[in-house]
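Residue numbers (the working numbering): 6 to 396.
Note that CB positions come from ideal geometry on N, CA and C, so glycine has one too.
These notes concern the structure reproduced below.
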Amino acid sequence: MHLTKKQERMLSGGEGEATRKAMEILVGLGDIYGAQELIPIQSAHISGMSITTSGEAGLSFIEEMVDKGAEVKVPTTTNPAGMDLENWERLGVPEELAKKQIGMVEAYRKIGAKPTCSCTPYLIGNKPSYGDHIAWSESSAIVYANSILGARTNREGAPSALASAITGLTPNHGYHFDENRQGDVEIIPDTTLLEGESTFPYSILGYWIGENFSESVPVIKELNPNPQQHKALGAGMAASGAIALYHIPDITAGAKKNPEICRTEEKAHFESEDFEDVVGELNQVDDADLICIGCPHSSIEEIRKLSNMDTEKEVWICLARGLREDPKLNEDLENLQNEDVKFVCDTCMVVAPLSEMGYSKIGVNSAKAAHYAPSLAGVKVHLAPLEDLLK
Ligand code: F3S
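In structure tokens, the structure reads:
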């Protein structure tokens with residue numbers, strides 16, 4: 006890989022030990038992927054913030070970077086932590102775990118990252134522009150940034166996104182290049198399955214695409230999703246597959262700029278049997294002791310749609326603290342919150358220690374949550390449309 010004089014200095018420790026270590030990670034990855042150079046980025050988004058999923062290793066790594074003097078060079082946000090940072094006691098999070106989680110959040114704050122603790126950074130100020138090169142490491146946010154915003158990022162892992170935040174650089178390969186953003190399989194869904202405002206069928210369609218065309222750039226025909234449905238669609242395909250980008254002709258950012266990007270040879274149909282297969286595969290139980298909404302984290306529009314919600318079930322509505330504190334949400338909040346319905350910030354149903362908190366079955370309307378919650382949160386999953394979960 007060709008490095009500039011300044012980058013060579015960074016790699017040899019001339020700008021401190023943390024930068025040296027970060028450069029080592031990026032150059033190592035660049036060599037693996039055949040990148041010829043490192044390019045500047047406009048922002049970073051770092052996953053691995055939950056002590057429940059990253060464990061002691063994640064905590065030691067970031068603390069080591071703090072000790073080595075790490076400081077981020079570009080605006081940097083973070084993914085959900087393992088608990089609501091203000092209400093963890095009320096929600097029943099064990100104290101020992103809470104202390105470690107707070108230590109982790111503080112470490113990120115020390116390096117200059119904004120511990121936004123949300124998987125929807127684009128809803129709370131980290132919203133790249135078309136063509137921006139970025140280094141993000143939350144699969145649902147990556148697919149949203151590439152497809153809807155037209156930014157350019159690979160599927161970074163937590164260490165590489167952190168290294169990019171510290172150096173302001175990323176190896177130039179993969180989705181940073183036009184030729185890797187060309188669509189390669191056309192998906193023709195049965196649109197009767199996708200009628201209405203619900204995000205549920207989009208989540209299922211996304212999951213099916215990821216399962217069947219894992220390494221592809223799908224082009225989905227005859228759809229015009231609302232922003233919440235886009236969020237669900239992308240999260241689904243990025244959970245079951247390695248998808249980082251999709252196109253919808255005339256709708257998504259890349260397709261609007263360059264319709265040729267949607268030209269493909271392979272075709273596939275998504276039918277009702279495919280829909281049933283995905284739900285059958287992910288649904289484990291038919292009831293739940295906690296309903297969790299907000300995977301990916303809820304937007305203001307989604308929360309508004311809940312304002313007439315009438316349920317006796319215990320419900321978590323997961324969202325970014327940045328939105329929870331948004332004055333536009335106040336009125337909706339008054340209507341919604343009660344003893345059973347809680348806004349839960351900074352975390353989600355997958356990275357919170359649900360089994361340690363006494364839950365064994367959760368209800369979700371997100372295929373991504375259904376995919377990860379059994380292994381990461383230690384609970385069984387009831388996957389269904391929201392209206393059925395709340396009955
Ligand atoms: Fe976000 Fe958690 Fe789902 S990080 S995308 S709410 S699994």
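The Cβ-Cβ distance between Met242 and Val98 does not fall below 9 Å. Nearest Cα to Gly299 within the set Glu191, Ile116, Thr197 and Arg326: Arg326. Annotation: the segment 356-382 contains the following complete segments of the alpha helix (DSSP H) (minimum length 4 residues), in chain order: 372-381. Nearest in C-alpha terms to Gly74, of all of Gly19, Pro126, Leu102 and Asp89, is Gly19.
When secondary structure is reduced to three states using DSSP, Leu8 falls in the coil class, being assigned neither helix nor strand.
CA-to-CA, the gap between Glu265 and Leu391 works out to about 37 Å. For Lys115, the three-state secondary structure derived from DSSP is helix.
Shown in chain order are the residues whose CB sits closer than 7 Å to a heavy atom of the ligand F3S: Asn84, Pro85, Cys124, Glu143, Ser145, Ala240, Gly299, Cys300, Pro301, His302, Cys323, Cys353, Met354, Val355, Val356, Ser371, Lys373, Ala374 and Tyr377. Spanning the alpha carbons of Ala249 and Arg186 requires a straight line of approximately 10 Å. For Glu271, the enclosing beta strand (DSSP E) begins and ends at Glu271 to Phe275. Beta-bridge annotation (DSSP): Ile298 is paired with Ile322. Annotation for Leu395: the continuous alpha helix (DSSP H) segment containing it runs Leu391 to Leu395. In the structure shown, Arg160 falls within a coil segment according to DSSP collapsed to helix, strand and coil. The DSSP-derived three-state label of Thr197 is helix. Counting along the chain, the unbroken beta strand (DSSP E) around Lys347 starts and ends at Val346 to Cys350. Judged by DSSP secondary structure, Leu174 falls within the beta strand (DSSP E) whose first and last residues are Leu174 to Pro176. Distance check between Gly130 and each of Ala49, Leu102, Glu100 and Leu338 places Ala49 closest, using alpha-carbon atoms only. Between the C-alpha atoms of Gly162 and Asp195 there is a straight-line separation of about 34 Å. Per DSSP, Ala49 lies in no alpha helix (DSSP H); the unbroken beta strand (DSSP E) holding it starts and ends at Ala49 to Ile51. A check of alpha carbon separations from Leu8 across Lys26, Leu31 and Ala23 identifies Leu31 as the nearest. Within the same chain, Cβ atoms closer than 7 Å to the Cβ of Lys105 are found at Ile56 and Leu64, the five residues on either side in sequence being excluded. The three-state reading of DSSP puts Leu43 in strand, counting E and B together.
One Cα belongs to Gly35, the other to Ser169, and the distance between them is close to 12 Å.
For Thr269, same chain residues with a beta-carbon under 7 Å away, outside a window of 5 residues either side, are Gly188, Asp189, Val190, Glu191 and Val224 in chain order.
Restricting attention to Trp321, Ala372, Ser380 and Phe348, the CA atom closest to the CA of Asn288 is found in Ala372. Beta-bridge annotation (DSSP): Pro332 is not paired with any residue. Nearest in C-alpha terms to Ile256, of all of Ala240, Asn229 and Trp93, is Asn229. The beta carbon of Glu143 sits closer than 7 Å to the beta carbons of His50, Ser52, Asn84 and Cys124 from its chain, once the five residues preceding and following it are set aside; these are given in chain order.
Scanning Gly60, Ile171 and Arg157 for the CA closest to the CA of Phe182 turns up Arg157.
Judged by their CB atoms, Lys115 and Thr82 are not nearer to each other than the 9 Å cut-off.
By the Cβ-count criterion, Gly368 is buried, with 16 or more other Cβ atoms from all chains shown falling within 10 Å of its own Cβ. When secondary structure is reduced to three states using DSSP, Pro254 falls in the coil class, being assigned neither helix nor strand. For Glu191, the secondary structure class from DSSP, reduced to helix, strand or coil, is strand.
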